[in-house]
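Working notes for the structure below.
Protein chains in written order, with my numbering: chain A, 50 to 165; chain B, 7 to 116.
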C-alpha cells in the first residue's frame with residue numbers, strides 16, 4: 050500500500066500548481082486526501098475526495114482556490130492549486146482515507162513554496 | 007467546526023511514562039474516533055494509535071490510547087520512553103465533513 054506525491058515546486062504568489070498522487074496496492078474505492086505541514090505549524094487537513102469521486106470537501110483556508118480530482122484509469126489523484134499565497138507554503142502529503150476517517154498511509158510529501 | 011487542543015510540548019526521562027492530552031473544544035466525540043500520528047524529524051507522519059486505542063502492527067505496546075467521551079478528551083501514553091520516541095504527535099478526529107488535527111505535541115526525552 051503506497052501513495053507517492055509529485056508536482057511541487059516554487060511558484061510566485063497568485064500562481065498555480067498541480068500536485069499528483071499515484072496510489073498503489075489498494076483498491077481505488079478508498080477516498081484520497083491531501084494534508085499539509087507548514088514550517089513551524091502543525092498538520093492541516095486540506096481536501097478529501099470520496100471513493101466514487103463524486104464528493105469533495107475542502108478546508109476553509111483553501112476553499113474556492115484548490116480543486117481535488119481523481120482518475121481511476123491511472124490510479125491517480127490530483128490537487129489543482131490556484132491563486133497561491135505565501136501561507137500555502139508547506140509540504141503537501143497525499144493519504145489514503147482508511148476506516149473511520151484515518152489517513153493511512155501518507156506519502157513522502159512534496160514541497161510547495163510560494164514566494165516572489 | 008471544532009478544534010482539538012494539545013499541549014505544545016511534553017518531556018520525560020528515559021524509561022518514564024509520558025501522556026499527551028487532546029481535548030475537543032466543541033461538539034462531542036460521540037460516533038467518531040480519535041487517531042494518533044507520530045512524525046519524526048524528516049519523515050512523514052505514521053499512525054501509532056487508531057480508533058481510540060488500537061495499535062497498528064509494528065508499533066510497540068508501550069504506546070496506548072484512550073478516549074473519554076464524557077469529557078470530550080483523548081490521551082496518548084508512552085511508557086518506557088526512549089530517544090527514538092522523540093517526535094511530534096498529533097491527534098485527529100472528524101465530524102461530518104470536517105477533518106481536524108490537533109496542533110501537535112513535541113515530545114522531548116531528556
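Every residue, glycine too, gets a C-beta built ideally from N, C-alpha and C.
Item to complete: Establish whether the CB of residue 94 of chain A and some CB of chain B are separated by less than 8 Å.
Response: Residue 94 of chain A has a beta carbon lying within less than 8 Å of a beta carbon in chain B.
Worksheet item: How close, in whole Å, do the beta carbons of residue 87 of chain B and residue 65 of chain B come, if the pair is a contact with beta carbons under 8 Å?
Response: A Cβ-Cβ distance of about 14 Å is found for the pair residue 87 of chain B and residue 65 of chain B, leaving them out of contact under the 8 Å criterion.
Item to complete: Could you tell me if residue 135 of chain A is buried or exposed, where buried requires 16 or more neighbouring beta carbons within 10 angstroms of its beta carbon?
Response: If you draw a 10 Å sphere on the C-beta of residue 135 of chain A, you find fewer than 16 other C-beta atoms in it, and that means exposed.
Practice prompt. Measure the Cβ-Cβ separation of residue 78 of chain B and residue 107 of chain B and say whether it is below 8 Å.
Written response: No Cβ-Cβ contact shorter than 8 Å links residue 78 of chain B with residue 107 of chain B.
Worksheet item: Can you find a C-beta in chain A that's less than 8 Å from the C-beta of residue 48 of chain B?
Response: Closer than 8 Å: no.
Worksheet entry | Contacts around residue 147 of chain A, its chain only, beta-carbon distance under 8 Å, and the 5 residues preceding and following it disregarded | Here the set comprises 79 and 153.
Worksheet item: Residues in its own chain within less than 7 Å of residue 139 of chain A by CB, not counting five upstream and five downstream?
Response: Excluding positions up to five away in sequence, the list reads 85, 86, 87 and 161.
Fill in: Straight-line gap, residue 98 of chain A to residue 105 of chain A (C-alpha atoms, nearest Å)
C-alpha separation (whole angstroms): 4 Å.
Item to complete: Report the option in B:50, B:111, B:49 and B:47 whose CA atom is closest to the CA atom of residue 82 of chain B.
Response: For residue 82 of chain B, the closest of B:50, B:111, B:49 and B:47 by C-alpha to C-alpha distance is B:111.
Worksheet item: In three-state DSSP terms, what is residue 9 of chain B?
Response: Coil, per DSSP.
Worksheet item: Between the beta-carbon of residue 96 of chain B and the beta-carbon of residue 126 of chain A, is there less than 8 Å?
Response: Result no, Cβ atoms of residue 96 of chain B and residue 126 of chain A do not sit closer than 8 Å.
Worksheet item: Does the Cβ-Cβ distance between residue 12 of chain B and residue 71 of chain B come in under 8 Å?
Response: Cβ atoms of residue 12 of chain B and residue 71 of chain B: not closer than 8 Å.
Discussion item. Going by the DSSP bridge assignment, what does residue 140 of chain A pair with across the sheet?
Written reply: Answer is A:86 and A:160.
Practice prompt. Starting from residue 57 of chain B, find everything on chain E with Cβ-Cβ shorter than 9 Å and list it in chain order.
Written response: The displayed structure is made up of protein chains A and B, and chain E is not among them.
Worksheet item: Expressed to the nearest angstrom, what Euclidean distance is found between the alpha-carbon atoms of residue 109 of chain A and residue 28 of chain B?
Response: CA-to-CA, the gap between residue 109 of chain A and residue 28 of chain B works out to about 22 Å.
Worksheet item: So residue 53 of chain B and residue 100 of chain B are in contact, right, with Cβ under 8 Å, and what is the actual spacing, rounded?
Response: The Cβ separation is near 15 Å, so there is no contact.
Fill in: Cβ shell of residue 17 of chain B (< 6 Å), same chain only, five flanking positions each side left out
Close CB contacts of residue 17 of chain B within its chain, under the 6 Å cut and outside five residues either way in sequence, are with 114 and 116 (chain order).
Item to complete: Under 8 Å Cβ to Cβ from residue 67 of chain A, same chain only, skipping five residues before and after it: list those, please.
Response: Annotation for residue 67 of chain A: 56, 127, 128, 129 and 130 place their beta carbon closer than 8 Å to its own, counting only its chain and skipping 5 residues before and after.
Item to complete: Please determine, among B:69, B:92 and B:56, the residue with the shortest C-alpha to C-alpha distance to residue 85 of chain B.
Response: Taking only the C-alpha atoms, the option nearest residue 85 of chain B is B:69.
Discussion item. DSSP has residue 96 of chain A in a bridge; who is on the other side?
Written reply: Its beta-bridge partners are A:83 and A:107.
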